[in-house]
Amino acid sequence: INLAEIIKIKYGYASPDKIDEKEEIDLSKLDRSESNKANVKYIAEIIEARLNEILMLIRDDLRSINREGMLPAGVVLTGGGAKLSGISEMVKDVLRLPATIGKAEIELSGVVDNISDPVYATSAGLALWGIESGNVSVGKRIAGPEIGGIVEKIRSTFRHFLP
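Each number in my numbering comes from the position in the sequence shown (counting from 1) with 61 added on.
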């Protein structure tokens with residue numbers, strides 16, 4: 062992971078409003094080759110500007126299909142960016158839609174220790190879709206009672222996101 066991604070994950074905020082202007086990050090603690098400090102409020106201003114650009118594009122797309130402010134289930138935020146502090150409030154304000162952080166609220170062990178992390182929500186949803194649509198032949202070969210239980214847990218988790 063590059064330094065910018067580490068900073069976003071550890072210190073990122075969707076809005077700079079509640080951040081002390083004097084708060085700084087010692088970059089040498091994150092990367093030994095760095096000797097500078099970075100202002101947390103300035104980083105949040107950059108993140109806010111990029112998020113605003115993305116959300117305006119989404120709003121324009123929704124407007125072009127006459128759905129601006131009119132998605133019954135609202136917006137489900139997934140991926141690492143969904144973990145940014147304040148992102149759901151920003152999405153609600155810009156898109157005028159309910160916004161929730163997508164999480165697969167099931168317990169699995171193995172390769173993925175924490176599937177409830179928003180980082181995995183899209184993958185879990187796509188896996189469920191593939192299994193339900195019958196397009197996953199591997200799933201058919203390994204399907205057993207334990208797989209069926211997992212699929213049902215994923216299915217019930219994602220039902221509340223549907224309109």
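Where is the CB? At the ideal position from N, CA and C, for every residue including glycine. These figures come from a predicted structure and were not determined experimentally.
Here A75 is buried, its C-beta having at least 16 other C-beta atoms within 10 Å. For E82, no beta strand (DSSP E) encloses it, and the DSSP letter there is neither H nor E. If you draw a straight line from the Cα of E82 to the Cα of S89, it is about 20 Å long. DSSP places T183 within a helical segment (H, G or I) once states are collapsed to three. Between A160 and G135, the beta carbon gap of about 6 Å places them in contact (Cβ cut-off 8 Å). Comparing alpha-carbon positions, the option among K69, E114, M117 lying closest to K102 turns out to be K69.
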